[in-house]
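For reference, the structure discussed in these notes is given below.
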Amino acid sequence: MALHRLTPIEHSPVLSQTFGANVWLKREDWQPTSSFKIRGIGHLCQHYRDQGKKQLVSSSGGNAGMAATYAGRVLGLKVTVVVPETTPEFMRQRIKQQGAELIVHGDAWDIAHERALNIAAKPECGLVPPFDHPEIWRGNATLIAEAAEQMPEKPGAIVVAVGGGGLMCGILEGMHAQGWRDIPLIACETHGAASLAASIAAGKCVTLPSITSIAKSLGAKRVADEAFAWSKKHPVFSHQMGDETVKSVCRRFLDDHRALVEPACGAALSFAYEPPLEWQKRGPLLVIVCGGSVVRLSDIQ
Ligand SMILES: *Cc1c(COP(=O)(O)O)cnc(C)c1O
């Protein structure tokens, strides 16, 4: 049995008005641990369980670590999450509350990750990366298979937030399995975390020098090679916006839909709230509400 839930598809009257055509929301914020991550990471963790692994190791202090911890608890596997000192206290607590062993190591993610790699070198351990793994993409693809059954009309465009591109790869895999090769994908990133946009502009996969956006879940300095490869074989349109926009969009979404989502998710929602002129009314739009745990009300106020 899959670890993720079948999430609702919801028609949004408010966003349909701001966008100018039907807007459908895939409510991944309703997943266990509040983000889509459990689809792909849950799938990878089950794969490890089937291989006889006894322990899962993650180096994500964000939603990937949360999903790995949840998956391990349900599957009966030990979970170790190694995070750097920069991981906020409230996220350390949330990960521990889910039942993981938390190790705080080093003053930057790379150093914590090295420790995670060392632990995961033991044969009984499975390393759980945040986005760059085919099993993760396969799990994320279930989102589109579900949406295709649930939606009363074929989408005219699909909107997704892009960090390292694991969600994007899964969505595109699912779209192609569905025969949706002609539907444009809108890849949303904030300024300061736009590693896919930089790669598309450069014509090759590039690494950003640093991440300067508040949308931490989009903060991969480099996207998976697979994500960049998709941008060459599918109509992928890059859309960017600033931190102030995503914060105000999160506040509006909280009022309109009574749900608190991360700035990362606000990046995708902003396409429907503040559509670029050339896309207005080009619906029906399917927006992946990716959700996220790494947010408190005070962060968007
Ligand atoms: C991980 C995550 C993203 C980005 O997903 P990638 O697979 O890294 O592109 C976006 N939003 C939320 C809430 C996330 O947890």
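Offset between the sequence shown (1-based) and the numbering used here: plus 1.
Where a beta carbon is used, it is the ideal one built from N, C-alpha and C, also for glycine.
Look at the Cβ atom of A225, then the Cβ atom of G166, and state whether they are nearer than 8 Å.
yes
Is the beta carbon of P236 sitting closer than 8 Å to the one on K248?
No.
Could you check the C-alpha separation between S200 and S211 for me, to the nearest Å?
14 Å
Count the other CB atoms within 10 Å of the CB of K27; is the residue buried (16 or more) or exposed (fewer)?
buried
Check whether the stretch 45 to 57 touches the stretch 129 to 138, counting contact only when three or more Cβ pairs, one atom from each stretch, lie closer than 8 Å.
These segments touch.
According to DSSP, is V207 part of a helix, a strand, or is it coil?
Reduced to three states, the DSSP call for V207 is coil.
Quick one, which of V75, H106 and F91 has its alpha-carbon nearest V82's?
H106
If I measure Cβ to Cβ from C291 and keep anything under 7 Å in the same chain, skipping five residues before and after, which residues do I get?
E29, S36, F37, A162, L168, A265, C266 and A269
In its own chain, which residues sit with a C-beta less than 8 Å from the C-beta of I215, not counting the 5 before and 5 after it?
T191, D244, V247, K248, P264 and D300
Per DSSP, cross-strand counterpart(s) of L103:
V82
Is it right to say N64 is buried, meaning 16 or more other beta carbons lie within 10 angstroms of its own, or is it exposed?
buried
Is any non-hydrogen atom of ligand 1 found closer than 7 Å to the C-beta of C126, if you look at the structure I gave you?
no
Can you name the start and end residues of the beta strand (DSSP E) that Q241 belongs to?
V237 to M242
For Q18, the nearest candidate out of Q302, V296 and G284 (CA to CA):
G284
Could you tell me if T8 is buried or exposed, where buried requires 16 or more neighbouring beta carbons within 10 angstroms of its beta carbon?
buried
Our contact map puts L57 next to V80 with C-beta atoms below 8 Å; I'd like the distance itself, whole angstroms only.
5 Å
What's the C-alpha gap between V295 and S218?
8 Å
Please say whether L287 and I159 have beta carbons closer to each other than 8 Å?
yes
Does the distance from the C-beta atom of I145 to that of I172 stay below 8 Å?
yes
Proximal residues to H240 (C-beta, below 6 Å), its chain only, five neighbours per side dropped
I187, C189 and F272
Residues whose Cβ lies closer than 5 Å to any heavy atom of ligand 1, in chain order
S36, N64, F132, A162, V163, G164, G165, G166, G167, L168, S218, E263, A265, C291 and G293
Boundaries (first-last residue) of the alpha helix (DSSP H) holding V305:
What the structure shows of the chain is the stretch from 2 to 302, and residue 305 is not part of that stretch, so it cannot be assessed.
Report, in whole angstroms, the separation of the C-beta atoms of R40 and G140, which I expect to be a contact under 8 Å.
5 Å
Looking at the structure shown, is V163 part of a helix, part of a strand, or coil, going by DSSP?
coil
Would you mind stating whether T213 and H5 have Cβ atoms separated by less than 8 Å?
no
Tell me which same chain residues have a C-beta within less than 7 Å of the C-beta of A113, skipping the five on either side of it?
Closer than 7 Å at Cβ, skipping near neighbours: S60, V83, V84, P85, H106 and G107.
Would you tell me roughly how many angstroms separate the C-alpha atoms of Y274 and N119, rounded to the nearest one?
Between Y274 and N119, the C-alpha separation is close to 44 Å.
If you reduce the DSSP assignment to three classes, tell me which class Q98 lands in.
helix
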